[in-house]
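In case it helps, this note's numbering puts the sequence shown at residues 6 to 375.
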Amino acid sequence: MKAMRILAIETSCDETAASVVQDGTKILSSVVASSSKMHEKYGGIVPEVAAREQLRCIVPVSREALEPLETFHATRANEVIKRHIDAIAITVGPGLIGSLLVGVETAKTISFVTGKPIIPVNHVLAHTYANFVQSCQPSAISHQPENTKLQAESGKLIAFPSISLVVSGGHTELYLMKSIKDLTWLGGTLDDAAGECFDKTARLLGFGHGGGVAIEREAHKFSIQHSAFSITLPRPMMDDSLNFSFSGLKTAVMREWKKYEDHSEELINTFAHEIKESITDVLVEKTLRAAKKHNAQSILLSGGVAANLRLREKFQSKINNQLPSVRFYSPEVQLCTDNAVYIASYAFFRGTPTDWHTITAVPNLSVEEI
Ligand code: KG4
Ligand code: ZN
């Protein structure tokens, strides 16, 4: 059977990303340009700055993603796409309107010029599919007929039903996956997302944009034996529901932080440690609860916060203790934060080719749509 190659474009937040993926699993290229450094001094993403940077980057990034397919001159990109690409996948939402428009209009133009079909993708749902690409962890065995292709292509098989936790800067969502195509939303955050909580509390501790990485780094310096401080934060919403709430945690951090006049490095490290432990405890507890309720055979972690090593480690050890027959998957760190690889993979496994006329950017696209 002829291989299917998808060129995917992702511009929902502050990244400009393009990738070519074969049969949903084999990464032929992945290019990511980020404007995150430009937002540092503002402590958060400035939408117009992000969109302007994406306008500047979208052509060179897309071109670079095509380069491994064939050596070509810039003006011949349409011929390369016609020869090697079968469809264009594009993130249509949720995200920042100016940013989404850059990617959506570029993808529509490529589709118009080359005649290739276009596949709209929901960014949040797509994060999970970073777990299905080849460069991830070793395989499990499954018996789902829909996975025959997946097994043949990647040598990796994920057993269903599966619980997927997508945990990013804007989202904390739990899904039940009965097969590679069948996703049902189970619950999500009622207010701040986990990544947002990392970012906002990091800002309070004095760090700039992209706070999850800063909290992880500072927490690493914490030593339980040597710290002169003892800080205990709540584990919010540990009830029976599959929803999350992180805004109270942010307020609790603020309250505790104000009790101290001298914000020494040791105090910062202690706060970072406790913030990280609190957020990861809640994420693991709720996901395992969903896995027990739905008799899951596997758990899939994804989204920017999945890059957190403590979260991955905690998942693995709690699963070993409580659900030893369940397999745990998390993508390689560089596939957790925004990129176009999982957009292509989602499009292959679950997308619907659509006429380019009908494609529009939908900033508030629901986490259950498409
Ligand atoms: O998926 P992503 O790149 O963009 C969105 O779709 O939101 O996720 C970005 C989020 C940010 O909140 C960032 O602080 C968080 O992922 N993040 C981390 C880590 N790396 C990125 N959070 C905790 N630990 C990390 N190592
Ligand atoms: Zn994302």
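We put the beta carbon where it would ideally sit given N, CA and C, even for glycine.
This structure is a prediction, so every number in the text was calculated from the model and none was measured.
Do residue 353 and residue 278 have their C-beta atoms closer together than 8 Å?
Not in contact: residue 353 and residue 278 (Cβ atoms no closer than 8 Å).
C-beta contact flag for residue 271 and residue 233 at 8 Å:
With contacts defined as CB atoms closer than 8 Å, residue 271 and residue 233 qualify as a contacting pair.
Any chance the CB of residue 343 is under 7 Å from a heavy atom of the ligand ZN?
The answer is yes for residue 343.
Looking only at C-alpha atoms, which of 323, 365, 326 and 312 sits nearest to residue 339?
Of 323, 365, 326 and 312, the residue nearest in Cα terms is 312.
Let me check you understand the geometry: is the CB of residue 326 closer than 7 Å to at least one non-hydrogen atom of the ligand KG4?
No, Cβ of residue 326 sits at least 7 Å from all heavy atoms of the ligand KG4.
Note down, in chain order, each residue of its chain lying with its Cβ closer than 6 Å to the Cβ of residue 16, except the 5 sequence neighbours on either side.
Cβ-Cβ distances below 6 Å link residue 16 to 59, 104, 107 and 108 in the same chain, with the five nearest sequence neighbours on each side left out; the list follows chain order.
By the DSSP assignment, the beta strand (DSSP E) with residue 210 in it spans what residues?
Segment: none, residue 210 is in no beta strand (DSSP E) and carries neither H nor E.
Comparing C-alpha positions only, which one of 181, 220, 209 and 37 sits nearest to residue 66?
That would be 37, whose Cα lies nearest to the Cα of residue 66.
Please name the residue in 177, 136 and 286 whose C-alpha comes closest to that of residue 303.
With distances taken between Cα atoms, residue 303 lies closest to 136.
When DSSP labels each residue in this structure, what does residue 125 get in the three-state scheme?
Shown here, residue 125 sits in a strand according to DSSP, grouped into three states.
Taking only three categories from DSSP, how would you classify residue 145?
Any answer about residue 145 is weak, because its pLDDT of 33 lies below 50 and its placement is not dependable; what the coordinates show is given next. Looking at residue 145 - three-state DSSP - the assignment turns out to be strand.
Are residue 49 and residue 214 closer than 8 Å when you measure CB to CB?
Cβ atoms of residue 49 and residue 214: closer than 8 Å.
Compute the distance between the beta-carbons of residue 56 and residue 25, then report whether it is under 8 Å.
With a cutoff of 8 Å on beta-carbon distance, residue 56 and residue 25 are scored as not near each other.
Just checking, does the region 318-326 make contact with the region 276-294 on the three C-beta pairs under 8 Å criterion?
Between the region 318-326 and the region 276-294, the count of C-beta pairs closer than 8 Å reaches three or more; the two stretches touch.
C-beta atoms of residue 264 and residue 206 nearer than 8 Å:
Between residue 264 and residue 206, the CB-CB gap reaches or exceeds 8 Å.
Report the three-state DSSP secondary structure of residue 151 (helix, strand or coil).
At residue 151 the pLDDT is 43, less than 50, meaning the model places this residue with poor confidence; the figure from the coordinates comes in the next sentence. Three-state DSSP puts residue 151 in a helix.
Heavy atom of the ligand HEM within 7 Å of residue 212 beta-carbon:
Among the ligands in the structure shown, the ligand HEM does not appear; only the ligand KG4 and the ligand ZN can be found there.
Please go through the same chain and pick out, in chain order, the residues whose beta-carbon is closer than 6 Å to the beta-carbon of residue 198, but skip the five residues on each side of it.
Within the same chain, residue 198 has close Cβ partners 175, 176 and 177.
Neighbourhood of residue 129 by C-beta distance below 7 Å, restricted to the same chain and skipping five residues each side
When the five nearest sequence neighbours on each side are left out, the beta carbons in the same chain lying within less than 7 Å of the beta carbon of residue 129 are those of 99, 171, 176, 178 and 372, in order along the chain.
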